[in-house]
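Step one of this worksheet: look at the structure below.
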Amino acid sequence: MKSPRLFTLLAIVTFVGSVKTTSPPSMFFLTPSYQQKNSVFRNASWECEIHHLIGRLAESEVILHCPVLRDPINSCCMAHKKCYRDRKGKTYCDDVLCDCLETRTRSESYCHDVSASAYCLAARHFGDSAYELAQ
Numbered sequence: 001m002k003s004p005r006l007f008t009l010l011a012i013v014t015f016v017g018s019v020k021t022t023s024p025p026s027m028f029f030l031t032p033s034y035q036q037k038n039s040v041f042r043n044a045s046w047e048c049e050i051h052h053l054i055g056r057l058a059e060s061e062v063i064l065h066c067p068v069l070r071d072p073i074n075s076c077c078m079a080h081k082k083c084y085r086d087r088k089g090k091t092y093c094d095d096v097l098c099d100c101l102e103t104r105t106r107s108e109s110y111c112h113d114v115s116a117s118a119y120c121l122a123a124r125h126f127g128d129s130a131y132e133l134a135q
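Sequential numbering of the sequence shown, starting at 1, is according to full-length UniProt numbering.
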C-alpha cells in the first residue's frame, strides 16, 4: 500500500510546477509557538519528508534551485512536525505549514511556485499517517 502512495508523492514533487495552491490567510497571529517570522534554524537536519528517499530528493532540489532558502523552508517543516506532535489538528498544522512556506519562499520564484506548493500538497494529501503517528 505504501509503494503507490510513495510513487504518487514523488510524481507530485516532480510535476508540481504546473499546480498552484491557494495559501490560507496569514496565521502569524495565531501561531506564535509554531511559526515566528524570524525563527530560522540554521544547518539543522532536513525535516521536510514523509519518506526518507523523498526527503533527500526534496532537499537536493532546494539546494540546487534556491540554496539560500534551505534553512527557512526546513524551519517551516520543523514547526509543522512540532504542531503535529502537539496534536493541534492536522488541518490547522497543514495550514500553518503552507502559510509559512508561502511567506518564506516569496524571494525565489522556483521554490515559491514549485517546492513550497509540493510540500504543501504533500502534507495535505499524504500527512494523515504522519499526524496519527506523531507524539
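Note that the Cβ used here is the ideal one computed from N, Cα and C, for glycine as well.
Can residue i and residue j be called in contact, C-beta distance under 8 Å?
i, j, result
"Leu57", "Cys76", "no"
"Cys100", "Ala79", "yes"
"Leu69", "Arg124", "no"
"Val40", "Ser115", "no"
"Leu111", "Ile73", "Looking at the sequence itself, residue 111 is Cys, so the reference to Leu does not match. Yes, they are a contact pair."
"Asp128", "Lys88", "no"
How is the alpha helix (DSSP H) around residue i delimited, first residue to last?
i, result
"Val96", "90–104"
"Arg124", "116–126"
"Asn74", "70–85"
My understanding is that residue i touches residue j, with C-beta atoms under 8 Å, so please give their C-beta distance in whole angstroms.
i, j, result
"Glu108", "Cys66", "4 Å"
"Arg42", "Asp86", "Contact flag wrong, Cβ pair sits at about 23 Å."
"Ala134", "Tyr84", "4 Å"
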